[in-house]
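Okay, so the sequence shown: first residue is 1176 according to my numbering, each after it adds one. A virtual CB, placed ideally from N, CA and C, is assigned to each residue, including glycine. Source: prediction; values computed, not measured.
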Amino acid sequence: MALEKIAGVRAAARDVEPFVADLFKAAGVSAESAEACARALVDASSRAFDTHGVRLIPFYMQGVTGGRINKTPTLTVTEKAASAVHIDADDGFGHFASYRAIDEAAKLADKTGVAVATVGRSTHHGATGCYTRYAATKGYVAIGMTHADAMVVPHGGAAAFFGTNPLSFAVPVEGEDPLLLDMATSSIPFNRVGLRRATGTPLPEEVAVDDQGHFTTDPNAAVWVAPVGGAGFGYKGSGLAAMIDILCSAFTGMGHGKTMASFNGPDFSKPIQIGHFFILLSPAMFQTLSMFDARISSFVEDLRAQPGKPGQTVHAPGDIEKVEAKKRAVEGIPVDNVTWAALEGFAAKLGVKVPSSTVDAV
1176 MALEKIAGVR
1186 AAARDVEPFV
1196 ADLFKAAGVS
1206 AESAEACARA
1216 LVDASSRAFD
1226 THGVRLIPFY
1236 MQGVTGGRIN
1246 KTPTLTVTEK
1256 AASAVHIDAD
1266 DGFGHFASYR
1276 AIDEAAKLAD
1286 KTGVAVATVG
1296 RSTHHGATGC
1306 YTRYAATKGY
1316 VAIGMTHADA
1326 MVVPHGGAAA
1336 FFGTNPLSFA
1346 VPVEGEDPLL
1356 LDMATSSIPF
1366 NRVGLRRATG
1376 TPLPEEVAVD
1386 DQGHFTTDPN
1396 AAVWVAPVGG
1406 AGFGYKGSGL
1416 AAMIDILCSA
1426 FTGMGHGKTM
1436 ASFNGPDFSK
1446 PIQIGHFFIL
1456 LSPAMFQTLS
1466 MFDARISSFV
1476 EDLRAQPGKP
1486 GQTVHAPGDI
1496 EKVEAKKRAV
1506 EGIPVDNVTW
1516 AALEGFAAKL
1526 GVKVPSSTVD
1536 AV
């Protein structure tokens, strides 16, 4: 994972999370929904997933004020089978429904060893890794995914068909934070285009395309992103995106990504109903926990010990973010100037106190 350089402010996560929750509560969002959203956004920013962190607050505010996001949803939990549960999110925050999905799946996994939790009639839930990591901190191995509106051109295509359709995998590791894979099946998430626009920096090669389907490094010209694998191997990203779209639509009753209205509007009055799909495994049902922990620790240690190229180090999934998380725990989470100004505007309008921050060119 390449960390972005962000010119803006830094603020302590412990101050930002209640601030974000208070902003949404002041906008009429229920306490449970507001706190779940704030929890996920600050968790993402704390671990350097800045594209899916607090910079999404203006986007969610559009959904809240426009009517797309139900401010006071009633979640409906339906146990479909001994190892399957479905959450109807009632068009509320996807963060609220996704944390609940993990909790409900955990109850079933404790009995059966494996559980699937589907979520329907939901909305954007931020970084999928927030929920798989949460499951891993509770001792489960977790796989999570969500689909989205069409922003990714299929391999060889000239127009968007897939969402960025992220895939996440988390495993508990004894004595440290869980191993965590959290990736879009596109070369980059489209939020990274927005971040590059805000920071005025070019995009890497072969990750985004213009309205003619041609690759571009200009974030202002980019309208869609490419599947992971780029020009030569994008069929891999397209295949994974197809898998995720099917699991998150056919198993939840939602439409596939191409059928959804754009997340970015201009209409923020109608719900965009999307699905999420989670799998939890209870290691204790397959091996003794001591054996499982030993195997995972051995794997991680062996991977990290592999020889690297000159000037490079071999990492386990999530290692770079773990290092950055420790740094941000001390220095605060960075928020770009455009987003921070928007948050100050919301705070002034809604009568919410802004936490202290320091200007910092990262």
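Cβ-based burial, Gly1432 [other Cβ within 10 Å; buried from 16]: The residue in question, Gly1432, is buried, as its Cβ has 16 or more Cβ neighbours within 10 Å.
Met1429 classed as buried or exposed, judged by whether at least 16 other C-beta atoms fall within 10 angstroms: Around the CB of Met1429, 16 or more other CB atoms lie within 10 Å, so the residue is classed as buried.
Beta-carbon proximity of Asn1340 to Ile1421, cut-off 8 Å: Contact: no.
Helix, strand or coil at Ile1454 [DSSP, three-state]: It is a strand residue.
For Glu1476 and Pro1485, the rounded distance between their alpha carbons: In this model, Pro1485 and Glu1476 are separated by some 20 Å (Cα to Cα).
Same chain only: Cβ atoms within 7 Å of Ala1491, ignoring 5 sequence neighbours per side: Same-chain partners within the cutoff: Leu1354, Val1475, Leu1478 and Arg1479.
Contacting residues, own chain, Cβ-Cβ under 6 Å from Asp1266 (five flanking each side not counted): Answer for Asp1266: Asn1245, Arg1296 and Pro1446, listed in chain order.
Sequence-distant residues of its chain with Cβ nearer than 8 Å to Val1403 (five each side left out): Correct list, in chain order: Met1358, Ala1359, Thr1360, Ser1361, Ser1362, Gly1409, Lys1411, Gly1412 and Leu1415.
Per-residue DSSP class, three states only, for Ile1244: Here Ile1244 sits in coil by DSSP.
According to DSSP, residues forming a beta bridge with Gly1295: Bridge pairing for Gly1295: Asp1263 [DSSP].
Between the CA atoms of Gly1350 and Ser1465 - distance to the nearest angstrom: Across the structure, Ser1465 and Gly1350 are spaced so that their CA atoms are roughly 13 Å apart.
Other residues of its chain near Ala1536: CB distance less than 6 Å, five sequence neighbours each side excluded: For Ala1536, the predicted model reports a pLDDT of 45, less than 50, meaning its position is unreliable; a value from the coordinates is still stated below. When the five nearest sequence neighbours on each side are left out, the beta carbons in the same chain lying within less than 6 Å of the beta carbon of Ala1536 are those of Ala1182, in order along the chain.
Inter-residue spacing [alpha-carbon to alpha-carbon] between Leu1455 and Ala1188: Near 28 Å, if we compare the C-alpha coordinates of Ala1188 and Leu1455.
Neighbourhood of Pro1377 by C-beta, 8 Å cutoff - its chain only, sequence neighbours within 5 removed: So the qualifying residues of the chain are Arg1371, Thr1392, Asp1393 and Pro1394.
Touch test, the segment 1259–1279 against the segment 1296–1305, Cβ-Cβ under 8 Å, three pairs minimum: Flag = yes, the segment 1259–1279 and the segment 1296–1305 touch.
Segment contact flag, the segment 1198–1217 with the segment 1325–1339, C-beta cutoff 8 Å, min 3 pairs: Short answer: they don't touch.
Option in Gly1388, Ala1406, Val1327 and Ala1436 with minimal Cα separation from Val1400: If we check each option's Cα against that of Val1400, Val1327 comes out closest.
Integer Cβ distance of Val1316 from Ser1472, believed to fall under 8 Å: No, Val1316 and Ser1472 are not in contact; Cβ-Cβ is about 14 Å, not under 8 Å.
Lys1255 versus Lys1282 - alpha carbon distance: Looking at the two C-alpha atoms, the distance is approximately 13 Å.
Integer-rounded CB distance, given that Gly1319 should sit under 8 Å from Phe1453: The C-beta separation of Phe1453 from Gly1319 comes to about 5 Å, placing the pair in contact by the 8 Å criterion.
Phe1443 versus Gly1241 - alpha carbon distance: Each residue's alpha carbon lies about 5 Å from the other.
Nearest-angstrom beta carbon gap, Thr1293 and Thr1427 [assumed within contact, 8 Å]: Sure, about 5 Å apart at Cβ, within 8 Å.
Test item: CB-CB of Phe1438 and Asp1324 under 8 Å: Yes, the pair counts as a contact, with Cβ atoms nearer than the cut-off.
Reference Phe1234, options Ala1196, Thr1533 and Thr1514, closest by Cα: Nearest of Ala1196, Thr1533 and Thr1514 to Phe1234, Cα basis: Thr1514.
Residue environment, Ala1186, which counts as buried when at least 16 other CB atoms sit within 10 Å: With 16 or more other Cβ atoms within 10 Å, it is buried.
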